[in-house]
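Participant: Protein chains in written order, with the working numbering: chain L, 1 to 539; chain H, 1001 to 1562.
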Amino acid sequence: MREAIPRRGRWRLPVIGLCALAGTGVSLALPAVLGRVVDALGDRSLLFLAALLIAGGVAVDLLDVYLSAGFLADATASLRRGIVSHLLALPPSGTARFGTGDLVARVSGNAAEAAGAAPQIVGLIASAVPPLGSLVLLALIDVWLAAAFLVGVTAIVLVLRTYTRRTTEAVAGYQRVQGEIAGLLAESLTGARTIAAAGTADRERERVLGPLPELHRHGRLTWRVLSATGAKAAVAGPLALVAVLAVAGWALSRHRITPGELFAAAQYAAQGAGLGGLTGLLGGLARARAATGRVREVLDAPAFEHGDAVLPAAPGRLELRGATVTGVLTDVDLDLPGGSLTAVAGRSGSGKSTLAALCARLRDPDEGAVLLDGVPLPELTEDALRAAIGCAFERPVPVGATVAEAIACGRGIDVTAAARAADVHDWATRLPERYDTPLDEAPRSGGETQRLGLARAWPAGRLLVLDDAMSSVDTVTELRIGRALTRDHGGRTRLVVTHRAQTAARADRVVWLDDGRVRAVAPHAELWAEADYRAVFGS
Amino acid sequence: MRRALLYGLRSLRAGPLARFLLWSAPEALPAAVAGLAIARAVDDGFLAGRPGVGMLWLAALLAASGAGAFGAAQVYRRLGDLTEPFRDGLVRVVVDGALRRATAGLDHEGALARLTHQAEIARDSYAGLLVLVRSFAVTTVGAVLGLASVAAPVLAWVLPPFLLGLAGLLLSLGFAARRQYAYVRGDERLSAVAASTLAAARDLTATGARGWAAERVGEAADAQARAEKALAWVTALRVLCLAIGGAGPLLALLAAGPWLLARGVGTGAIMGGLTYVLMGLRPALGALAQGLGAGGLRFAVTLGRLLDAADAPPADPPQVVAGGGSAVSTRGLTFAYGPHAAPVLRGLDLDLREGERLAVVGPSGIGKSTLAGLVCGLLTPGAGTVTIDGVDAREARGQRVLIPQEAHVFTGTLAENIAYHHPGATAAQLDASIDAVGARDLVERLGGPSAVLSPAELSAGERQLIALARAHLSPAPLAVLDEACCHLDPAAEERAEGAFAERGTLIVIAHRAGSALRADRVLVLDGEEAVLGARDEVIARSPLFRDLLGHWEHDAQIHPAS
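1. Using 8 Å as the limit for Cβ to Cβ distance, is L1333(H) near chain L?
2. Could you pull the start and end residues of the beta strand (DSSP E) that L1348(H) belongs to?
3. For the 8 Å Cβ check, are there 3 or more pairs between the region 306-313 of chain L and the region 369-388 of chain L?
4. Quick check on P92(L) - is its C-beta less than 8 Å from some C-beta in chain H?
5. In terms of residue numbering, what span does the alpha helix (DSSP H) encompassing G1296(H) cover?
6. Throw me the rounded Cβ distance for the D1187(H) and A77(L) pair, which I believe falls under 8 Å.
7. Just to confirm, is the Cβ distance from E1356(H) to D1520(H) under 8 Å?
8. Considering only the beta carbon of each residue, do V496(L) and S353(L) sit closer than 8 Å?
9. Consult DSSP for A1287(H) and reduce its assignment to one of helix, strand or coil.
10. Please list, in chain order, all residues of the same chain as G556(L) whose beta carbon is under 6 Å from its beta carbon, the five residues on each side excluded.
11. Does L1446(H) have its Cβ less than 8 Å from a Cβ in chain L?
12. What is the C-beta distance between A170(L) and H218(L), in whole angstroms, given that I count them as a contact (C-beta under 8 Å)?
13. Candidates P1477(H), R1331(H), A1467(H) and L1478(H): which alpha carbon is nearest C1486(H)'s?
14. Considering just the uninterrupted stretch of the alpha helix (DSSP H) at T95(L), what are its terminal residues?
15. Show which residues of chain H have a CB atom less than 7 Å away from the CB atom of Q267(L).
16. Taking Cβ-Cβ distances shorter than 8 Å, what residues in chain H pair up with D383(L)?
17. Could you tell me whether any Cβ in chain H is nearer than 8 Å to the Cβ of A186(L)?
18. Suppose contacts are defined by Cβ-Cβ distances below 8 Å. Is G1035(H) in contact with G1272(H) by that definition?
19. Output, in sequence order along the chain, the residues in the region 481-507 of chain L whose CB is closer than 7 Å to any CB in chain H.
20. I want to verify the contact list: residues of chain L whose CB lies under 7 Å from the CB of H1108(H), in sequence order.
21. Name the two residues that bound the continuous alpha helix (DSSP H) containing I1539(H).
22. Assign G116(L) to buried or exposed, taking buried as 16 or more other Cβ atoms, counted over all protein chains shown, within 10 Å of its Cβ.
23. May I ask you to report which of helix, strand or coil DSSP gives I1388(H)?
24. Any beta carbon from chain L within less than 8 Å of H1421(H)'s own beta carbon?
25. Counting C-beta neighbours from all protein chains within 10 Å, is the total for V1360(H) 16 or more, i.e. buried, or is it exposed?
26. Among residues of its own chain, excluding the 5 on either side of Q1074(H), which ones have a beta-carbon nearer than 7 Å to its beta-carbon?
27. The beta strand (DSSP E) that contains W512(L), what's its start and end?
28. For the beta strand (DSSP E) that R390(L) lies in, which residues bound it at each end?
29. List the residues of chain H that P302(L) touches, going by C-beta distances under 9 Å, in chain order.
30. Going by DSSP, name the residue or residues bridged to T1505(H).
31. Can you confirm whether L245(L), when its beta carbon is compared against all beta carbons of chain H, has any partner nearer than 8 Å?
32. Just to confirm the assignment, what range does the alpha helix (DSSP H) spanning T1426(H) have?
33. Check V38(L) in the structure and name its three-state DSSP category.
34. Does R254(L) pass the burial test, meaning 16 or more other C-beta atoms within 10 Å, or should it be called exposed?
35. Are V344(L) and A356(L) close, meaning C-beta to C-beta below 8 Å?
36. Can you list, in chain order, the stretches of the alpha helix (DSSP H) that have 4 or more residues and sit fully within the region 408-468 of chain L?
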């Protein structure tokens, strides 16, 4: 659970511990002082001491509240930052494996629970001290009191031992089913238009709620575990109290202790019995353990490794050497001169997108290598890599508060120039607040979203990869973007995956993929003679 | 707040609630007996030189505790009977609300956070509230009864500070609720930002913007942390009220000791009084403060937000007319996305015969999808009518099927996905539709119709093929393809469109000129006016269409097709 402790504000943890300790001290001292007060009712100085202790207890409590809240808030925020940073550092396939709904549950719910682990351990230790302190103080009053108390406490500890493990299991099952329901709901929300048209919202609801009975079952299990343990604790607690009282009464009748001491002994015994209150803390800890497991699963996923090389001054030559992705691409050799425009064509499922992903280093080949200006992509620093290569997708997901942010993504680029090149400038200027319109309030079609994604990728320094990035763009618009691509004054290397013949025709050469292999690399006009090639474009 | 409380109260089912309360009664016993037993054991037993009597009183206390413990165990068990159905209901409300809002085209942001995080907060705080309010009542009643039986005058010293603390606690609830509300809002914002960012992980990696994006989520997380810290002041206020209501009676009782002794109240009785305060009233007030101040507010605010966010217009129950043909007719069809917005469609008249194939073309954002939405009854015309075989489009659900660009594929078997619009379809029908739209290779690759799909692992094109097979299998005679093939290659698109043309009336929102050339008639939407006619007629009349075609033919001229 170490990752749940933030670096900033880590000092609070020992102070929280001290507060808890001081609080413990107060609760240990108070019964003794109160016992004295009872024995000498009317003694003002004793009464004053009692009042002071109580006031001190309140002050310590306040400090504890303040620090704990601060710690928990910071720990949660830092854990959330850590999870998100790490998730974004994974290869894209690594993130896709989890599903967005499930990941949000980890960032939102599980992170908060996992962050509670450290204060809960502190709380647990602090709650364990009073029973031990009570034992010592009881022994100081009368050794037999301590013996009686010890018997009671041993019973409680035995009961609690079984609790954490069983609860962790129950809670883990519960959280898993919950993630399932969230995943199903996310699917349905994506398909909202189909569902609306088919009028199947009721059916969808039942489908999403399918795992609900299982959730119900896991939920009940958690209560049953709690009830079984709680019952035993509730019996063991009073038993310790009465045992101590009986011994104390016997000592009182022998005048070995005063009534005040009997009173104090009862309080100490009650505090020992307060160990039963640990059940709640243990429950929280069990939950934190399960949540920490889910957080760790994310943090343990291997991130993309980057090297420390930078690119030499060169035009952006892209080479693939024997690049193989098992089952998708086989032994692809390509050498694309800097500044050239290359189209990638092939039937659906021929490996075009995977090739694009390799060139943009969204994944690494299982075998072989991808080089930009002679440098293997994994050897580049992340900054050098991403500044050199841009990639636009068939289904881009814009991110940002405003339209301008969704294009710039925090980079210092010329937003308007990128938007003009991707032909999304006119759309943006028709919005209520132009480029400052909140992204959520900027209605757009699939084609406009694609153009937004293209504008985002446009500033790439040496290589621009377009993975079917204009499939939803109407042909008139595509023609305009195509011209911008052809006339690219940046002199960048361009790789364009396409289904459209005219796009392929504009390229210097076409890489024709067939079933994961390069079938030919030649200008469109040459390839057009082959019927198989024409079939790729539906002609 | 009120709404949440009412929802919580209504969720309490009478049977389990009665059992829950019944099992609470034994718990009052130790609270009521503790002080009395100790007072009597000391005054009548140990101090009076009769230890046997003292032991008897202690035995009575143990018996009372045993009964209380047994009750407590039962109470927790019954708690599941109350909370799990409550959570089930809540999950239903969230899912139902999100789906209804999504299908009505309304914002449904944060639904996943509500489902996984907030529904859990509501459930846990609901349970906590039930337990704590119940034990406060039980313990207070027990302790007050006990106090009255030990030494009634003590009550006059104990009750005023106790009630003062209690009142302070209740009065601070409003302030506390506002802070809690800010916290919940922060949580939702965080989830929304996290969801949009994580959904774009691939894009952000490719853009080299992951640091920037992580920082955006980080800022939302920090804002949430600030709200959490602001909430800590509420807790501090609660600690103060607790000090007044819990420690106050203690000090008052001790200060009044000499006065009470002078009135014949014994030392044992004062100790009994202290016991009731220390072991009864104080912990009870503390528990209540915890319950109301944290869990209760958390409950009211979280649940209130959950219920508000799940509000959706009542699912419009259109009179669905079964059967019927697929001739489409619009008269003066007008639609705008708001009272002040320029109309997307203006006075459109269109007649489509049974079995006809219509292509709708035009630049993006011009209203093609709007037309699809109107024909499929998803949108209500601002003026004019849309009918399918004479039936209002909104009532003709069984007569048309819409295939939107964003395919709906869900976790389940391929067969379940494909038979979505026709659950009773036979295996042969299923196969026929799979073959017709050209999804056979995909189906085989995925492991046949009984293979379970993981939608996240499918490409956009694969999802579209599945949606196409599904729509093809639908019994509805009219199919509306709204850029439904945009992720397929042209050959696959042509095959799919051909399959739909053979099965009935077809409207294609085209994003490639090829779709338009294959159609019987073409509708060109160009903002101001719509041009409708056979292909050659439209070429003659619509410059925009000539542009689109010219572009296409330009390509064909470079490389004349053989």
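We put the beta carbon where it would ideally sit given N, CA and C, even for glycine.
Facilitator: Judging by the given coordinates:
1. Within the second sequence, numbered from 1, the residue matching residue 1333(H) stands at position 333. No Cβ of chain L is located within less than 8 Å of the beta carbon of L1333(H).
2. One-based indexing of the second sequence puts residue 1348(H) at position 348. Unbroken beta strand (DSSP E) run through L1348(H): L1345 to L1352.
3. yes
4. Locating residue 92(L) in the first sequence gives position 92, where the first residue counts as 1. Yes, its Cβ sits closer than 8 Å to a Cβ of chain H.
5. Here residue 1296(H) corresponds to residue number 296 of the second sequence, with the count starting at 1. First-last for G1296(H): undefined, no H or E at that position.
6. Taking the second sequence and counting its residues from 1, the one referred to as residue 1187(H) is at position 187. Taking the first sequence and counting its residues from 1, the one referred to as residue 77(L) is at position 77. With 8 Å as the limit, D1187(H) and A77(L) do not qualify as a contact, their Cβ atoms being about 12 Å apart.
7. In the second sequence, the residue the question calls residue 1356(H) occupies position 356. In the second sequence, the residue the question calls residue 1520(H) occupies position 520. In this structure, D1520(H) lies closer than 8 Å to E1356(H) by Cβ.
8. On the first sequence, residue 496(L) is found 496 positions in, with the first residue counted as 1. On the first sequence, residue 353(L) is found 353 positions in, with the first residue counted as 1. No, they are not a contact pair.
9. Taking the second sequence and counting its residues from 1, the one referred to as residue 1287(H) is at position 287. A1287(H): helix per DSSP, three-state reduction.
10. For residue 556(L) there is no data in the structure shown, the boundaries of chain L being 1 and 539.
11. One-based indexing of the second sequence puts residue 1446(H) at position 446. It does not: the Cβ of L1446(H) has no partner Cβ on chain L nearer than 8 Å.
12. Stepping through the first sequence from its first residue, residue 170(L) is reached at position 170. Stepping through the first sequence from its first residue, residue 218(L) is reached at position 218. Rounded, the Cβ-Cβ distance is 6 Å, consistent with contact.
13. Along the second sequence, one-based indexing puts residue 1486(H) at 486. Between C1486(H) and the set P1477(H), R1331(H), A1467(H) and L1478(H), the nearest pair of CA atoms involves A1467(H).
14. Here residue 95(L) is taken as the residue at index 95 of the first sequence, counted from 1. Per DSSP, T95(L) belongs to the alpha helix (DSSP H) from P92 to A96.
15. Counting from one through the first sequence, the residue named residue 267(L) turns up at place 267. Within 7 Å Cβ-Cβ: L1278.
16. Here the question's residue 383(L) lines up with position 383 in the first sequence. Chain H residues near D383(L): G1208.
17. The residue you call residue 186(L) lines up with position 186 of the first sequence. Taking Cβ atoms only, chain H reaches closer than 8 Å to A186(L), which makes this a yes.
18. For the purposes of this step, residue 1035(H) is identified with residue 35 of the second sequence, where counting begins at 1. For the purposes of this step, residue 1272(H) is identified with residue 272 of the second sequence, where counting begins at 1. Yes, Cβ-Cβ distance for G1035(H) and G1272(H) is below 8 Å.
19. Taking 7 Å as the Cβ-Cβ cut-off against chain H, the residues of the region 481-507 of chain L that qualify are H499, A501, Q502 and A505.
20. As a working note, residue 1108(H) is residue 108 in the second sequence. Within 7 Å Cβ-Cβ: L189.
21. On the second sequence, position 539 is the one that residue 1539(H) refers to. DSSP places I1539(H) inside the alpha helix (DSSP H), whose first and last residues are R1535 to R1541.
22. Position 116 of the first sequence, counted from the start, is the residue given in the question as residue 116(L). G116(L) comes out buried.
23. For the purposes of this step, residue 1388(H) is taken as the residue at position 388 of the second sequence. In this structure, I1388(H) counts as strand in the three-state DSSP scheme.
24. Within the second sequence, residue 1421(H) is the residue found at index 421, counting from 1. The beta-carbon of H1421(H) is placed less than 8 Å from the nearest beta-carbon of chain L.
25. Residue numbering aside, residue 1360(H) sits at position 360 when the second sequence is read from its first letter. With 16 or more other Cβ atoms within 10 Å, it is buried.
26. As a position in the second sequence, residue 1074(H) is number 74, starting the count at 1. For Q1074(H), the CB contacts under 7 Å within the same chain, skipping 5 residues up- and downstream, are W1023 in chain order.
27. Position 512 of the first sequence holds residue 512(L). Counting along the chain, W512(L) sits inside the beta strand (DSSP E) bounded by residues R509 to D514.
28. On the first sequence, position 390 is the one that residue 390(L) refers to. One point to set straight first is that residue 390(L) is Gly, not Arg, in the sequence displayed. Counting along the chain, the beta strand (DSSP E) containing G390(L) begins and ends at I389 to A392.
29. In the first sequence, the residue the question calls residue 302(L) occupies position 302. Result: empty, since nearest Cβ-Cβ is about 14 Å, beyond 9 Å.
30. For the purposes of this step, residue 1505(H) is taken as residue 505 along the second sequence, with counting starting at 1. T1505(H) pairs with L1478(H).
31. Your numbering for residue 245(L) matches position 245 in the first sequence. For L245(L), the answer is yes, since a Cβ of chain H falls inside 8 Å of its Cβ.
32. As a first step, residue 1426(H) must be located in the second sequence, where it is residue number 426. No alpha helix (DSSP H) holds T1426(H); DSSP gives it neither H nor E.
33. Counted from its first residue, the first sequence places residue 38(L) at position 38. If DSSP states are grouped into helix, strand and coil, V38(L) belongs with the helices.
34. Position 254 of the first sequence holds residue 254(L). With fewer than 16 other Cβ atoms within 10 Å, it is exposed.
35. To locate residue 344(L), count along the first sequence from 1; it is residue 344. To locate residue 356(L), count along the first sequence from 1; it is residue 356. In contact: V344(L) and A356(L) (Cβ atoms closer than 8 Å).
36. 415-421, 425-429 and 446-457
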